[in-house]
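Student: According to mature numbering (1 follows the signal peptide of the UniProt record, and there is no 0), the residues represented by the sequence shown are -19 to -1, 1 to 323, in order.
Where is the CB? At the ideal position from N, CA and C, for every residue including glycine.
Structure provided below as structure tokens; questions to follow.
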Amino acid sequence: MKSVSAGGLALGLTALVQAGLRFPCSTLTFQRLDPAGQPDALPSSHVHHIVGGNAFNATMTGDVGERATCTTCQMSEDFSNYWTATLYFKDPNNGSYHRVTPVPVQPLLGGSQGAVGGLTVYYSQFDLSRDNLAQQPIKAFPPGFRMIVGDPGATSKEHAGLSYQCMQGGGNRGRITNEMPQQPCPGGIFTTHHFPPCWDGKNLDSVDHKSHMFNTVTSEGFTNAPACPASHPVRVPQVAFETVWDTTKFNHLWTSGAPNPFVWSFEGAASGYGTHADYLFGWKGDSLQRAMDKSECFYDGCGSITKQAMSVANQCTVENFVGEETDGWLTEIPGWGSMPMS
Ligand SMILES: *[C@@H]1O[C@H](CO)[C@@H](O)[C@H](O)[C@H]1NC(C)=O
Ligand SMILES: *[C@@H]1O[C@H](CO)[C@@H](O)[C@H](O)[C@H]1NC(C)=O
């Protein structure tokens, strides 16, 4: 043992987390594309913040892990794509919009290691402290698999696992809420999306992109996933994203007492209940299965999963398929007025 404090730290972390992958992915692109929710639409209805592999496109079928050649994620065999809506600031004084920049989640154990923007991805086996593989083996998603959690049309809480935190700075992430923060957040806005962990075992997708999955998530945190129901008997990794939106540079434009000026790319009045996220599986070969078969899979150290430097990940890009400006001061959020919101 090196020292009491180092040993204590290691023990504390081991007790907290040994049951899944967690890693940063840098921003790949901001575009109006949604190959899971609106396949073939070029453009889709609203702007997304997308991370992951460079096979990303308006339409994505087949084995993405075989097609992609680079990824913005730290795990170099992960060519999946992960995306959410994009946050915009609406200036209360003149009505102009500005895209909000995501920044790496801090503190992240092991560090974000040079990630640019992006989000943090989790693949939990059971909960943050146990894998429970003997009780419930984890089956990795098959090629072509996709799913959505949340609903842009929601006007009340959909279910647990879709949340906001008004970051207070200094490592204090603030209270968890299901609504958008209503006061300026000194450390930015933290959003979390937990996906359902039970699959019907047959369908790569469904008409609503959700009903092939069953949600056992009942609280906002990384709590355990109870046994899957007979209708959706296959336990898959529980995927979650964490994104930090750097809203701080707009706080001085938020007039005291004015309503929350941060809006998602799909909605005008921001209750925040419409928060949603998309996942399109693209791990190469059996790499995710190998990680999930490992007991005590510890954050970024699951078996033989290979990592790349974020400086390499950051070089992965896709072309601008839509070819429209999504950043800078805009009179309208892209897609508004020209297409129905969905
Ligand atoms: C994107 O999709 C279009 C239409 O399916 C296709 O023509 C194009 O080659 C794709 N681009 C990339 C980079 O995959
Ligand atoms: C609205 O206000 C912002 C912040 O002061 C400014 O940068 C932007 O140019 C303004 N937009 C218009 C259309 O005047």
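Please return the same chain residues whose Cβ sits closer than 6 angstroms to the Cβ of VAL225, not counting the five positions on each side in sequence.
Tutor: Here residue 225 refers to the residue found at position 244 of the sequence shown. VAL84, VAL86, GLY169 and PHE171, listed in sequence order.
Student: Leaving aside the five residues before and after SER252 along the sequence, list all residues of the same chain whose C-beta is less than 8 angstroms from its C-beta, in chain order.
Tutor: Position 271 of the sequence shown, counted from the start, is the residue given in the question as residue 252. Once the five neighbours on either side are set aside, the close Cβ partners of SER252 are THR136, GLU160 and MET161.
Student: Thinking C-beta only, is CYS179 closer than 8 angstroms to HIS140?
Tutor: Start at 1 with the first residue of the sequence shown, and residue 140 comes out as number 159. Start at 1 with the first residue of the sequence shown, and residue 179 comes out as number 198. With a cutoff of 8 angstroms on beta-carbon distance, HIS140 and CYS179 are scored as not near each other.
Student: Whole angstroms is fine: what's the gap from ILE314's alpha carbon to ASP274's?
Tutor: Translated into the one-based positions of the sequence shown, residue 314 becomes position 333. Translated into the one-based positions of the sequence shown, residue 274 becomes position 293. Approximately 44 angstroms, taken between the alpha carbons.
Student: Quick one: is the Cβ of ASP72 within less than 7 angstroms of any heavy atom of ligand 2?
Tutor: By one-based count along the sequence shown, residue 72 stands at place 91. Under cutoff, so the answer is yes.
Student: Does DSSP put CYS231 in a helix, a strand or coil?
Tutor: Sequence index remark: in the sequence shown, residue 231 carries index 250 (1-based). With the sequence shown as reference, residue 231 is identified as Phe, and Cys is not the correct amino acid for it. Residue state, collapsed to three classes: helix.
Student: What's the C-alpha gap between ALA(-14) and PRO5?
Tutor: Here residue -14 refers to the residue found at position 6 of the sequence shown. Here residue 5 refers to the residue found at position 24 of the sequence shown. Caution applies to ALA(-14), whose pLDDT of 29 falls short of 50 and renders its modelled position unreliable; the model cannot decide the point.
Student: Pick out the complete beta strand (DSSP E) segments inside the stretch 32 to 74, 3 residues or longer, and give them in chain order.
Tutor: Qualifying beta strand (DSSP E) stretches, in chain order: 62 to 66 and 68 to 71.
Student: Give me the Cα-Cα distance between LEU14 and SER26, rounded to the nearest whole angstrom.
Tutor: What you label residue 14 is simply residue 33 of the sequence shown in a count that begins at 1. What you label residue 26 is simply residue 45 of the sequence shown in a count that begins at 1. A straight-line Cα-Cα distance of about 8 angstroms links LEU14 and SER26.
Student: For ligand 2, any of its heavy atoms closer than 7 angstroms to the Cβ of SER77?
Tutor: In the sequence shown, residue 77 corresponds to position 96, counting from 1. Because some heavy atom of ligand 2 lies under 7 angstroms away, the Cβ of SER77 counts as near it: yes.
Student: By how many angstroms is the C-alpha of HIS175 removed from the C-alpha of TRP64?
Tutor: Within the sequence shown, residue 64 is the residue found at index 83, counting from 1. Within the sequence shown, residue 175 is the residue found at index 194, counting from 1. Cα-Cα distance, rounded: 13 angstroms.
Student: By the three-class DSSP mapping on this structure, what secondary structure does GLN12 have?
Tutor: Position 31 of the sequence shown holds residue 12. The answer is strand: DSSP assigns GLN12 an E or B state.
Student: So, are the CB atoms of LEU9 and ILE31 less than 8 angstroms apart?
Tutor: The residue you call residue 9 lines up with position 28 of the sequence shown. The residue you call residue 31 lines up with position 50 of the sequence shown. Result yes, Cβ atoms of LEU9 and ILE31 sit closer than 8 angstroms.
Student: Nearest-angstrom Cα distance between TYR145 and ILE157?
Tutor: For the purposes of this step, residue 145 is identified with residue 164 of the sequence shown, where counting begins at 1. For the purposes of this step, residue 157 is identified with residue 176 of the sequence shown, where counting begins at 1. Their backbone Cα atoms lie some 6 angstroms apart in a straight line.
Student: In this structure, what does DSSP give as the bridge partners for ASP259?
Tutor: For the purposes of this step, residue 259 is taken as residue 278 along the sequence shown, with counting starting at 1. Looking at the DSSP assignment, ASP259 forms a beta bridge with TRP64 and ILE129.
Student: Please identify the residue among THR40, GLY255, ALA96 and ALA(-1) whose C-alpha is closest to the C-alpha of PHE302.
Tutor: Counted from its first residue, the sequence shown places residue 302 at position 321. With distances taken between Cα atoms, PHE302 lies closest to THR40.
Student: According to the neighbour-count rule (16 or more other Cβ atoms, all chains shown, within 10 Å of its Cβ), is ASP59 buried or exposed?
Tutor: Counting from 1 along the sequence shown, the entry for residue 59 is found at position 78. Buried is the call here.
Student: Per the DSSP calculation, SER105 is bridged to which residue(s)?
Tutor: Stepping through the sequence shown from its first residue, residue 105 is reached at position 124. Partner(s): GLY1 and GLN219.
Student: Is ARG80 helix, strand or coil by DSSP?
Tutor: Reading the sequence shown from its first residue, position 99 is the one you call residue 80. Three-state result, ARG80: strand.
Student: Applying the criterion that 16 or more other CB atoms from any shown protein chain within 10 Å of the CB defines a buried residue, is LYS71 buried or exposed?
Tutor: As a first step, residue 71 must be located in the sequence shown, where it is residue number 90. LYS71 should be labelled buried.
Student: If you draw a straight line from the C-alpha of GLY(-12) to the C-alpha of LEU109, how long is it?
Tutor: On the sequence shown, residue -12 is found 8 positions in, with the first residue counted as 1. On the sequence shown, residue 109 is found 128 positions in, with the first residue counted as 1. Because the pLDDT of GLY(-12) is 29, which lies under 50, any placement of that residue in the model is unreliable, and the question is left without a value.
Student: Quick check: is the beta carbon of SER93 nearer than 8 angstroms to any beta carbon in chain C?
Tutor: Within the model displayed, chain C is absent; a lone protein chain is all it includes.
Student: Quick one, are the C-beta atoms of ALA121 and TRP264 less than 8 angstroms apart?
Tutor: Numbered from its first residue, the sequence shown carries residue 121 at position 140. Numbered from its first residue, the sequence shown carries residue 264 at position 283. In this structure, TRP264 lies closer than 8 angstroms to ALA121 by Cβ.
Student: How is ILE144 classed by DSSP in three states: helix, strand or coil?
Tutor: Numbered from 1 along the sequence shown, position 163 holds the residue referred to as residue 144. For the sequence presented, residue 144 should be read as Ser rather than Ile. In this structure, DSSP gives SER144 an extended state, which the three-state scheme calls strand.
Student: Which residue comes first and which comes last in the alpha helix (DSSP H) that contains VAL293?
Tutor: Here residue 293 refers to the residue found at position 312 of the sequence shown. VAL293 -> alpha helix (DSSP H) spans 291 to 294.
Student: What is the C-beta distance between MET194 and MET128, in whole angstroms, given that I count them as a contact (C-beta under 8 angstroms)?
Tutor: As a position in the sequence shown, residue 194 is number 213, starting the count at 1. As a position in the sequence shown, residue 128 is number 147, starting the count at 1. The pair is a contact, with the Cβ atoms about 5 angstroms apart (cut-off 8 angstroms).
Student: Sort GLU277, TYR280, GLU300 and ASN232 by Cα distance to PRO73 and report the nearest one.
Tutor: Looking up residue 73 in the sequence shown gives position 92. The shortest C-alpha separation from PRO73 is found at ASN232.
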